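Engineer:
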């Protein structure tokens, strides 16, 4: 995936009470925005520990992690914010589910602003192709259904899908695993919960085999 950051136009009012993020990419997008100094004063609610840690490193002081998925983030925001408070959802252009609608159903006001977008690349770079075909890659990490599908397409265009399918794939969720299984992957292992920590912990099961 090729990442590009955007500069959404965010009105001065209504007053924003908190920021919700579902990706570490959102943190980078917020940091590049002209109103970053204002954003730093707001509490941040992150879907997982990685995005929460990125927010802390960027300078946000009040950061809370839902340590899970979108469902956990919705529950966290419902518990921590009062009804009618306004949440800035720092989103990507392509997203699954409708976090904003779910938060609005909970009584919160939501401003959805797109801070980044990612486009699928057409093919893998030469070094990656060489590493795949020479057996230098031990496992493949997959963070979303969209990026998994993009990987399958790019590998097929690069004439190395057959070799790549023999490398164990680790998926952060069942959804992320679907394109891999549909492509005939030999081994797909799904993390026990949809967090990066759980995904990375699976690496030891590959290296120990």
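In this note's numbering, the protein residues as written are 15 to 223. Glycine included, each C-beta is placed from N, C-alpha and C at the ideal position. Since we're looking at a predicted model, the values are computed, not measured.
(1) Roughly how many angstroms separate the alpha carbons of residue 176 and residue 34, rounded to a whole number?
(2) Under the DSSP definition of a beta bridge, which residues are partnered with residue 30?
(3) Quick one, which of 211, 126 and 137 has its alpha-carbon nearest residue 44's?
(4) With a threshold of 8 Å, are at least 3 pairs of Cβ atoms found where one atom belongs to the stretch 117-133 and the other to the stretch 141-153?
(5) So what does residue 204 bridge to, in DSSP terms?
(6) Alpha carbon to alpha carbon, what distance is there between residue 41 and residue 174?
(7) Judging by CA-CA distance, which residue of 185, 30 and 65 is the nearest neighbour of residue 37?
(8) What number of angstroms, rounded off, separates the C-alpha of residue 131 from the C-alpha of residue 53?
(9) What residues are listed by DSSP as bridge partners for residue 133?
(10) Pair every Cβ in the stretch 62-77 with every Cβ in the stretch 92-111, then say whether three or more of these pairs are closer than 8 Å.
(11) For residue 79, which of helix, strand or coil comes out of DSSP?
(12) In the structure shown, what three-state DSSP assignment does residue 102 receive?
(13) Identify, in the order they occur along the chain, each residue of the same chain with its Cβ nearer than 7 Å to the Cβ of residue 90, setting aside the five sequence neighbours on each side.
(14) Within the continuous alpha helix (DSSP H) that includes residue 87, where are the two ends?
(15) Rounded to a whole number of angstroms, what is the C-alpha to C-alpha distance between residue 166 and residue 157?
(16) Could you tell me which whole beta strand (DSSP E) segments of length 3 or greater appear in the stretch 136-170?
(17) How close, in whole Å, do the beta carbons of residue 171 and residue 136 come, if the pair is a contact with beta carbons under 8 Å?
(18) Decide if residue 110 is buried, meaning its Cβ has at least 16 other Cβ atoms within 10 Å, or exposed.
(19) Tell me, please, which residues DSSP counts as bridged to residue 59.
Structural biologist: Put simply:
(1) 40 Å
(2) Paired residues: none, contrary to the question.
(3) 126
(4) no
(5) 185
(6) 34 Å
(7) 65
(8) 20 Å
(9) 16
(10) no
(11) strand
(12) strand
(13) 59, 78 and 80
(14) 84-94
(15) 13 Å
(16) 154-156
(17) 6 Å
(18) exposed
(19) 34 and 78
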